[in-house]
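Enquirer:
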Amino acid sequence: MNAMRSGACEFIERPATTTDLLEAFVRLTASQRKDHTQESRGKIFSVVNAKGGSGSTTVAVNLALALQAAHGNTALVDLAYLGHCALHLNLKPMFGVADAIRNLHRLDSSLLESFMTRHAGGMQLLAGPNTPLGTEPSHAEHAKLFDLMVGQFRYVVVDLSTRMDVTTKLVANLSQTVLMVAHADVASLWSAARVQQYLSENSGRDKVLLVLNRFRKIPGFSETDAEAAAGVKVVAKIPNQYFAVSTSIDRGVPLLQQTHTDVARAFTTLATKLTENEPDVKRKAWSLFKTV
1 MNAMRSGACE
11 FIERPATTTD
21 LLEAFVRLTA
31 SQRKDHTQES
41 RGKIFSVVNA
51 KGGSGSTTVA
61 VNLALALQAA
71 HGNTALVDLA
81 YLGHCALHLN
91 LKPMFGVADA
101 IRNLHRLDSS
111 LLESFMTRHA
121 GGMQLLAGPN
131 TPLGTEPSHA
141 EHAKLFDLMV
151 GQFRYVVVDL
161 STRMDVTTKL
171 VANLSQTVLM
181 VAHADVASLW
191 SAARVQQYLS
201 ENSGRDKVLL
211 VLNRFRKIPG
221 FSETDAEAAA
231 GVKVVAKIPN
241 QYFAVSTSID
251 RGVPLLQQTH
261 TDVARAFTTL
271 ATKLTENEPD
281 VKRKAWSLFK
291 TV
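Count the sequence shown with our numbering and you get residues 1 to 292, in order.
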């Protein structure tokens, strides 16, 4: 009884044989490995526009870089119909999402990484298409791809851009948090309310959060007003620094690298907010002898 209170989960009758001991070790290691695998699976943060041109790609790229800088092992997936993430990062990918999908039947961690393009900061991009795809991957194909990715990366940021389809709903359902990017104007917040309803049908309202991009203070308009109009809570306000943003895109130098700007600090703060309540899940080498 005292052993059970202390947390013992294996009991071997005496006298114990070598076979009894080995079987107990196998049961214990299988249980520990299962727990370790569940703990070490990554988290998905998806980013979607409330309406066209709201800035989901800017948010996704800089959030991924901020997560990489703080925690490492971060991937960015460009699921826009026409990918722009590589342009923002000044990268020229040879492969991307379409290649990973075409090779799902043999895709493992090594092959997946070969389809990705590494940014100088360490973050890895699975690029979107340069031209719209003739045939979109199926729901099941995307599900399998993301199952592999969360087994390999600590954080996976997905740029959904303006797409509203079954893939968007799938990714939203798989996500820890869905960041909906909008501007603080009537049309954008009206669209945000509709997008929120669409995404919440399967994934739940609580995981959808609002990012106010190009934000500037407007007399008589508050954060509470934006939340009431969109139907979701504001998690971040990205300052309206148009010159810094346009220069960043033109030169392929992410905003996060412009550390002196308020907009760069806003992305760092957003990454902190999204991860502040997580236990430290640093991936450590697992050993049987650490558990017995």
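For every residue, glycine included, the Cβ atom is placed at its ideal position computed from N, Cα and C.
Note that the coordinates shown come from a computational prediction; the quantities given were computed from them, not determined experimentally.
Any idea what DSSP makes of V61, helix, strand or coil?
Expert: Numbered from 1 along the sequence shown, position 61 holds the residue referred to as residue 61. DSSP places V61 in helix when its eight states are reduced to three.
Enquirer: Please classify L288: does DSSP put it in a helix, a strand, or coil?
Expert: Locating residue 288 in the sequence shown gives position 288, where the first residue counts as 1. For L288, the predicted structure reports a pLDDT of 34, less than 50, and the residue's modelled location is therefore unreliable. A value from the coordinates is still provided. Of the three classes helix, strand and coil, the one that applies to L288 here is helix, per DSSP.
Enquirer: For a test of the three-state rule: what should DSSP assign to V178, helix, strand or coil?
Expert: As a working mapping, residue 178 is identified with position 178 in the sequence shown. Note: V178 maps to strand in three-state DSSP.
Enquirer: Can you name the start and end residues of the beta strand (DSSP E) that I218 belongs to?
Expert: Looking up residue 218 in the sequence shown gives position 218. From DSSP, I218 is part of no beta strand (DSSP E); its letter is neither H nor E.
Enquirer: What's the C-alpha gap between G96 and L174?
Expert: Residue mapping note: residue 96 aligns to position 96 of the sequence shown, counting from 1. Residue mapping note: residue 174 aligns to position 174 of the sequence shown, counting from 1. The straight-line gap from Cα to Cα measures roughly 20 Å.
Enquirer: Do the segment 66-76 and the segment 163-173 meet, that is, are 3 or more Cβ pairs less than 8 Å apart?
Expert: No, the segment 66-76 is not in contact with the segment 163-173.
Enquirer: Contact between the segment 51-62 and the segment 126-134 is defined here as three or more beta-carbon pairs at a separation below 8 Å; is this criterion met?
Expert: With the cut-off at 8 Å, the segment 51-62 and the segment 126-134 do not touch.
Enquirer: For the segment 64-151, list the beta strand (DSSP E) runs that are entirely contained and at least 3 residues long, ordered along the chain.
Expert: Within the segment 64-151, the complete beta strand (DSSP E) runs of at least 3 residues are 74-78, 124-126.
Enquirer: H36 by DSSP, collapsed to three states: which one?
Expert: Taking the sequence shown and counting its residues from 1, the one referred to as residue 36 is at position 36. Low confidence applies here, because H36 scores a pLDDT of 46, under 50, leaving its location unreliable; read the following figure in that light. Residue state, collapsed to three classes: helix.
Enquirer: Roughly how many whole angstroms lie between the Cα atoms of P137 and Q152?
Expert: Within the sequence shown, residue 137 is the residue found at index 137, counting from 1. Within the sequence shown, residue 152 is the residue found at index 152, counting from 1. Approximately 21 Å, taken between the alpha carbons.
Enquirer: Please report the straight-line C-alpha distance between G252 and D78, rounded to a whole angstrom.
Expert: Position 252 of the sequence shown, counting from 1, holds the residue named residue 252. Position 78 of the sequence shown, counting from 1, holds the residue named residue 78. For G252 and D78, the distance between alpha carbons rounds to 16 Å.
Enquirer: DSSP three-state call for S46: helix, strand or coil?
Expert: Here residue 46 is taken as the residue at index 46 of the sequence shown, counted from 1. S46: strand per DSSP, three-state reduction.
Enquirer: Give the range of the alpha helix (DSSP H) segment to which A264 is assigned.
Expert: The residue labelled residue 264 in the question sits at position 264 within the sequence shown. Run containing A264: 262-275, per the alpha helix (DSSP H) assignment.
Enquirer: Is it buried or exposed, P279, if we count other Cβ atoms within 10 angstroms and call 16 or more buried?
Expert: For the purposes of this step, residue 279 is taken as residue 279 along the sequence shown, with counting starting at 1. That one is exposed.
Enquirer: What would DSSP say about K237, mapped onto helix, strand or coil?
Expert: Indexing the sequence shown from 1 puts residue 237 at position 237. The answer is strand: DSSP assigns K237 an E or B state.
Enquirer: Roughly how many angstroms lie between the CA atoms of K207 and A120, to the nearest whole one?
Expert: On the sequence shown, residue 207 is found 207 positions in, with the first residue counted as 1. On the sequence shown, residue 120 is found 120 positions in, with the first residue counted as 1. Taking the straight line joining both Cα atoms gives about 31 Å.
Enquirer: Over the uninterrupted alpha helix (DSSP H) stretch that includes V245, give me the two end residues.
Expert: Stepping through the sequence shown from its first residue, residue 245 is reached at position 245. From DSSP, the alpha helix (DSSP H) with V245 extends over 242-251.
Enquirer: With a threshold of 8 Å, are at least 3 pairs of Cβ atoms found where one atom belongs to the segment 141-160 and the other to the segment 70-90?
Expert: The segment 141-160 vs the segment 70-90: in contact.
Enquirer: Would you call I238 buried or exposed, if buried means 16 or more other Cβ atoms sit within 10 Å of its Cβ?
Expert: Position 238 of the sequence shown, counted from the first residue, corresponds to residue 238. By the 10 Å Cβ count, I238 comes out buried.
Enquirer: Is S54 helix, strand or coil when you go by DSSP?
Expert: Residue 54 sits at position 54 when you count from the first residue of the sequence shown. Coil, per DSSP.
Enquirer: Measuring only the C-alpha atoms, how far is V195 from A60?
Expert: For the purposes of this step, residue 195 is identified with residue 195 of the sequence shown, where counting begins at 1. For the purposes of this step, residue 60 is identified with residue 60 of the sequence shown, where counting begins at 1. The straight-line gap from Cα to Cα measures roughly 18 Å.
Enquirer: How many angstroms separate the CA atom of D108 from the CA atom of K273?
Expert: Residue 108 sits at position 108 when you count from the first residue of the sequence shown. Residue 273 sits at position 273 when you count from the first residue of the sequence shown. Taking the straight line from one Cα to the other gives about 32 Å.
Enquirer: What do you reckon, are the CB atoms on V234 and E223 nearer than 9 Å?
Expert: Working through the sequence shown from its first residue, we reach residue 234 at position 234. Working through the sequence shown from its first residue, we reach residue 223 at position 223. Taking 9 Å as the Cβ cut-off, V234 and E223 qualify as a contacting pair.
Enquirer: Rounded to a whole number of angstroms, what is the C-alpha to C-alpha distance between V178 and R265?
Expert: In the sequence shown, the residue the question calls residue 178 occupies position 178. In the sequence shown, the residue the question calls residue 265 occupies position 265. Spanning the two alpha carbons is a distance of roughly 21 Å.
Enquirer: Going by DSSP, name the residue or residues bridged to Y155.
Expert: Counting from one through the sequence shown, the residue named residue 155 turns up at place 155. The partner list for Y155 (beta bridge, DSSP) reads K43, T74.
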